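For the sequence shown, counting from 1, position 195 maps to 195 in the UniProt record's numbering; every step adds exactly one.
In this text, a Cβ means the ideal position worked out from N, Cα and C, and glycines have one as well.
Please read all numbers here as calculations on a predicted model, not as lab measurements.
Heads up: the structure comes next, in structure tokens.
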Amino acid sequence: MRKRTTAGIIVIGDEILKGSTNDTNSHFICKRLHNRGIDVKKITVVGDGVNEIADDVREFSNKYDIVFTTGGIGPTHDDRTFMGLAAAFDEELAVSKELKDVVIHYLKKAKFEEQEETIDKFCKIPKSANLLWGQVAKDKKYKNYPSIQIKNVISFPGVPKYCEQAFDQLEETLFPLKEHAPFFSKTLYLKTTEIHIHHNLTLIANKYESEGVTIGSYPVTDNSNYKTKFIVEAPDEEIGRKVIYDLKNAFKEYLTLYDEHSWEDSMKKYQKFRKNQPPEFASKLDDAMEILNKTFNEYPLEKIAISFNGGKDCTMLLHLVRVKLDEKFGPGTQIQGFHIICGDEFEELHSFILDVSKKYNIRMREVTGPMKSGLCQLKEEMPEITAVLMGCRSTDPRGAYMTGPCQWTDAEWPSFYRVCPLFDWTYSDIWKGLRGLSVPYCYLYDQGYTSLGDRAKTKPNPALRIPGKKEKYKPAYMLEEENLEREGRNEKVAQLNGTVTNGGIHKI
Numbered sequence: 001m002r003k004r005t006t007a008g009i010i011v012i013g014d015e016i017l018k019g020s021t022n023d024t025n026s027h028f029i030c031k032r033l034h035n036r037g038i039d040v041k042k043i044t045v046v047g048d049g050v051n052e053i054a055d056d057v058r059e060f061s062n063k064y065d066i067v068f069t070t071g072g073i074g075p076t077h078d079d080r081t082f083m084g085l086a087a088a089f090d091e092e093l094a095v096s097k098e099l100k101d102v103v104i105h106y107l108k109k110a111k112f113e114e115q116e117e118t119i120d121k122f123c124k125i126p127k128s129a130n131l132l133w134g135q136v137a138k139d140k141k142y143k144n145y146p147s148i149q150i151k152n153v154i155s156f157p158g159v160p161k162y163c164e165q166a167f168d169q170l171e172e173t174l175f176p177l178k179e180h181a182p183f184f185s186k187t188l189y190l191k192t193t194e195i196h197i198h199h200n201l202t203l204i205a206n207k208y209e210s211e212g213v214t215i216g217s218y219p220v221t222d223n224s225n226y227k228t229k230f231i232v233e234a235p236d237e238e239i240g241r242k243v244i245y246d247l248k249n250a251f252k253e254y255l256t257l258y259d260e261h262s263w264e265d266s267m268k269k270y271q272k273f274r275k276n277q278p279p280e281f282a283s284k285l286d287d288a289m290e291i292l293n294k295t296f297n298e299y300p301l302e303k304i305a306i307s308f309n310g311g312k313d314c315t316m317l318l319h320l321v322r323v324k325l326d327e328k329f330g331p332g333t334q335i336q337g338f339h340i341i342c343g344d345e346f347e348e349l350h351s352f353i354l355d356v357s358k359k360y361n362i363r364m365r366e367v368t369g370p371m372k373s374g375l376c377q378l379k380e381e382m383p384e385i386t387a388v389l390m391g392c393r394s395t396d397p398r399g400a401y402m403t404g405p406c407q408w409t410d411a412e413w414p415s416f417y418r419v420c421p422l423f424d425w426t427y428s429d430i431w432k433g434l435r436g437l438s439v440p441y442c443y444l445y446d447q448g449y450t451s452l453g454d455r456a457k458t459k460p461n462p463a464l465r466i467p468g469k470k471e472k473y474k475p476a477y478m479l480e481e482e483n484l485e486r487e488g489r490n491e492k493v494a495q496l497n498g499t500v501t502n503g504g505i506h507k508i
């Protein structure tokens with residue numbers, strides 16, 4: 001079995017130890033190294049003391065094949081990483097002429113004027129240190145800013161943006177893909193808790209431990225699709241497949257299918273899902289996709305936006321939009337979106353909107369309600385928006401007043417063309433799509449909420465209350481009587497035309 005390259009990461013800075021700054025660099029580097037098949041052995045955080053930095057650098061350098069430091073690089077008094085590196089290897093600091101030329105070049109480019117003393121402080125590195133430029137910079141000097149290497153230690157900046165740029169520059173140079181095979185990695189999802197599986201799991205883990213296999217078992221409390229997650233990692237595919245075979249045999253009664261990254265490679269996954277659906281639901285999927293296709297043919301993307309309030313309907317729509325965008329314009333194509341905040345919304349809902357907007361690449365704009373003034377503001381700030389994609393269904397209280405899935409707003413309201421691809425879907429259709437495609441949705445739906453509105457006026461649906469348990473509710477997808485969907489809502493329907501709710505603009 002081929003020996004893996006080992007790595008250690010040292011995060012430097014008093015601000016990390018004091019909790020005043022979040023460390024994202026070690027997470028980023030760890031993930032990228034793991035993807036390249038590098039075995040990260042240890043991460044440590046150290047303050048700005050020179051001796052402490054030197055001790056950790058010396059220890060890591062002796063133990064691991066390669067070491068990365070982040071933070072403590074700069075011209076101020078508390079930037080002491082290079083001093084620590086020099087002390088670790090019994091060297092002196094000296095101004096690097098090559099690095100000084102680079103710094104002066106960038107300062108002139110940015111039209112900054114710095115004193116010679118400040119520049120020299122920034123450019124003092126251990127005498128034997130080298131500048132690493134990475135592949136991109138070979139043809140053009142100063143195209144990238146170099147990283148500093150002494151022996152097997154490489155120093156990156158502490159600012160996440162620049163740390164990530166530095167790693168991107170060097171990744172292929174340090175770890176060529178042809179020389180570093182990735183780990184075998186596979187995730188299994190189980191519909192039971194660890195208490196029911198620990199015995200057999202321990203037997204399998206012990207069986208393969210000597211072959212470098214790790215089986216991570218993680219309890220999950222915020223996802224109703226599964227309760228335990230196994231992450232299996234092995235040195236190569238042959239061993240990995242043996243482990244997966246044993247696990248599937250041992251826990252076949254608990255296994256379930258789930259996709260934690262359903263928005264990636266979305267078209268292929270959608271086609272596989274669509275192929276296995278009954279004719280009636282498959283027809284609804286086809287109709288929805290055809291409406292989206294027609295909309296994208298008639299309007300350029302800069303004239304289209306999705307109305308997204310985090311509800312189940314517009315979340316299902318968002319996923320279908322992602323599928324169609326990926327098919328027509330390429331993976332990850334961005335779309336505009338807006339969220340009109342009305343009333344006291346759930347914090348969980350707001351967090352979900354921010355999270356899913358990043359995953360699905362929505363350029364989200366938040367507008368303060370009430371609805372009509374919010375729409376007027378939206379029209380003023382984004383006058384190019386014409387077509388609005390919405391998750392409105394005909395069974396919604398306000399959807400019943402629409403004559404079809406596509407309709408212009410009333411004359412007295414800001415002019416938008418309402419596009420509702422899910423207009424003919426039912427409550428159960430929405431959940432069939434969300435869960436069948438592993439679409440991430442707001443966690444509140446797993447707490448018994450079936451329709452989300454103002455926080456003070458929205459409660460878990462009493463139809464989902466578990467008998468004998470006063471405050472325990474089944475998840476929303478288990479609601480059988482669809483006419484009870486809004487039983488948890490305690491609000492009057494405003495007698496207005498053109499209200500936006502449930503992800504759309506409706507006539508009521």
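Quick check on the DSSP output: the alpha helix (DSSP H) that includes HIS339 runs from which residue to which? Premise fails: HIS339 lies in the beta strand (DSSP E), 335-341, not in any alpha helix (DSSP H).
May I have the straight-line CA-CA distance separating TYR142 from PHE156, to the nearest angstrom? Any reading at TYR142 must be qualified, since the residue scores a pLDDT of 48, below 50, and its modelled position is unreliable; no value is offered.
Check for me: the beta strand (DSSP E) holding TRP408 runs from which residue to which? Note, TRP408: beta strand (DSSP E), 406-408.
Backbone CA spacing between PRO75 and CYS30 [nearest angstrom]: Whole-angstrom Cα-Cα distance: 27 angstroms.
Per DSSP, ARG489 forms a beta bridge with which residues? As a beta-bridge residue in DSSP terms, ARG489 pairs with THR458.
How big is the Cα-Cα spacing for LEU201 and ASP48? Here the alpha carbon of LEU201 sits roughly 43 angstroms from the alpha carbon of ASP48.
Looking at the secondary structure, which residues open and close the beta strand (DSSP E) in which GLU218 lies? This sequence places Tyr at residue 218; Glu is not what is there. Taken as a continuous stretch (DSSP letters only), the beta strand (DSSP E) holding TYR218 covers 214-219.
Helix, strand or coil at MET364 according to DSSP, with G and I counted as helix: Strand, per DSSP.
Just curious, the alpha helix (DSSP H) that ARG241 is in, first and last residue? Element bounds for ARG241: 237-250.
Exposure label - GLY433; buried when at least 16 CB within 10 Å: That one is buried.
When the Cα of ALA282 is compared with those of ASP424, LYS63, ARG36, ALA87, which residue comes out closest? Checking every option, the nearest Cα to that of ALA282 belongs to ASP424.
Classify residue 511 as buried or exposed, calling it buried when 16 or more other Cβ atoms lie within 10 Å of its own Cβ. Within the shown structure, residues of the chain are numbered from 1 to 508, placing residue 511 beyond reach of any answer.
On the DSSP letters alone, give me the boundaries of the beta strand (DSSP E) that ASN293 sits inside. Careful: ASN293 lies outside any beta strand (DSSP E), inside the alpha helix (DSSP H) at 279-298.
Would you mind giving the Cβ-Cβ distance between PHE346 and LEU444, rounded to the nearest angstrom? I have them listed as a contact below 8 angstroms. Their Cβ separation, rounded to whole angstroms, is 6 angstroms, which keeps PHE346 and LEU444 in contact under 8 angstroms.
Out of curiosity, what's the CA-to-CA distance linking LYS18 and ILE148? Counting only the Cα atoms, ILE148 lies some 27 angstroms from LYS18.
Between GLY391 and ASP313, which are expected to be in contact by the criterion C-beta below 8 angstroms, what is the C-beta distance as a whole number of angstroms? So it is a contact: roughly 3 angstroms between Cβ atoms.
Please report how far the alpha carbon of THR69 lies from the alpha carbon of ARG363, in whole angstroms. The C-alpha of ARG363 is placed about 34 angstroms away from the C-alpha of THR69.
Quick check on TYR254: does DSSP put it in helix, strand or coil? In this structure, TYR254 counts as coil in the three-state DSSP scheme.
Unbroken beta strand (DSSP E) runs of length 3 or more, entirely within the stretch 376-445: which are they? The stretch 376-445 is shown to contain whole beta strand (DSSP E) runs of 3 or more residues at 387-389, 406-408, 417-419, in chain order.
Let me confirm a value: PRO182 is counted as buried when at least 16 other C-beta atoms fall within 10 Å, else exposed. Which label applies? With fewer than 16 Cβ atoms within 10 Å of its Cβ, PRO182 is classed as exposed.
Proximity winner among LEU318, LEU354, THR368, GLY330, relative to LEU422 (alpha-carbon distances): The residue among LEU318, LEU354, THR368, GLY330 with its C-alpha nearest the C-alpha of LEU422 is LEU318.
What are the start and end residues of the alpha helix (DSSP H) that includes ASP39? First-last for ASP39: 39-46, but that is the beta strand (DSSP E), not the alpha helix (DSSP H).
Tell me, to the nearest whole angstrom, how far the beta carbon of LEU255 is from that of LYS248; I am working on the premise that it is less than 8 angstroms. At roughly 6 angstroms, the Cβ-Cβ gap stays under 8 angstroms, so LEU255 and LYS248 are in contact.
Is it buried or exposed, ASP265, if we count other Cβ atoms within 10 angstroms and call 16 or more buried? Exposed is the call here.
What does the Cβ neighbour count give for LYS457, buried or exposed, with the cut at 16 atoms within 10 Å? When all chains shown are included, LYS457 counts as exposed.
Kindly list the residues whose CB is nearer than 7 angstroms to the CB of LYS151, restricted to its own chain and excluding five residues on each side of it in sequence; keep chain order. For LYS151, where only same-chain residues beyond five positions count, the Cβ hits under 7 angstroms are SER61, PHE89.
For ILE466, does the three-state DSSP call read helix, strand or coil? Look at ILE466 here: in three-state DSSP terms it is coil, with no helix or strand label.
Rounded straight-line distance, which links the Cα of LYS100 to that of TYR441: Looking at the two C-alpha atoms, the distance is approximately 51 angstroms.
If you draw a straight line from the alpha carbon of LEU479 to that of LEU349, how long is it in whole angstroms? C-alpha separation (whole angstroms): 20 angstroms.
Less than 8 angstroms between the CB atoms is what I'm expecting for ASP344 and THR333, so what's the real figure, rounded? Contact doesn't hold; Cβ gap of about 34 angstroms is too wide.
To the nearest angstrom, how far is it from the Cα of LEU354 to the Cα of PHE338? Distance between the alpha carbons of LEU354 and PHE338: 11 angstroms.
Spatial distance of ARG4 from LYS358 (CA atoms): The alpha-carbon atoms of ARG4 and LYS358 are separated by roughly 34 angstroms.
Would you say PRO219 and GLU238 are within 8 angstroms of each other, going by their C-beta atoms? Contact: no.
What do you get for ILE466, buried or exposed, if any count of 16 or more other CB atoms within 10 angstroms of its CB means buried? Burial check for ILE466: the Cβ neighbour count within 10 Å stays below 16, so the residue is exposed.
Pair within 8 angstroms by beta-carbon distance, PHE184 and GLY134: Against a cut-off of 8 angstroms, the Cβ pair of GLY134 and PHE184 comes out as no contact.
Can you tell me the Cα-Cα spacing of TYR427 and GLU381, whole angstroms? Cα to Cα, TYR427 sits roughly 34 angstroms from GLU381.
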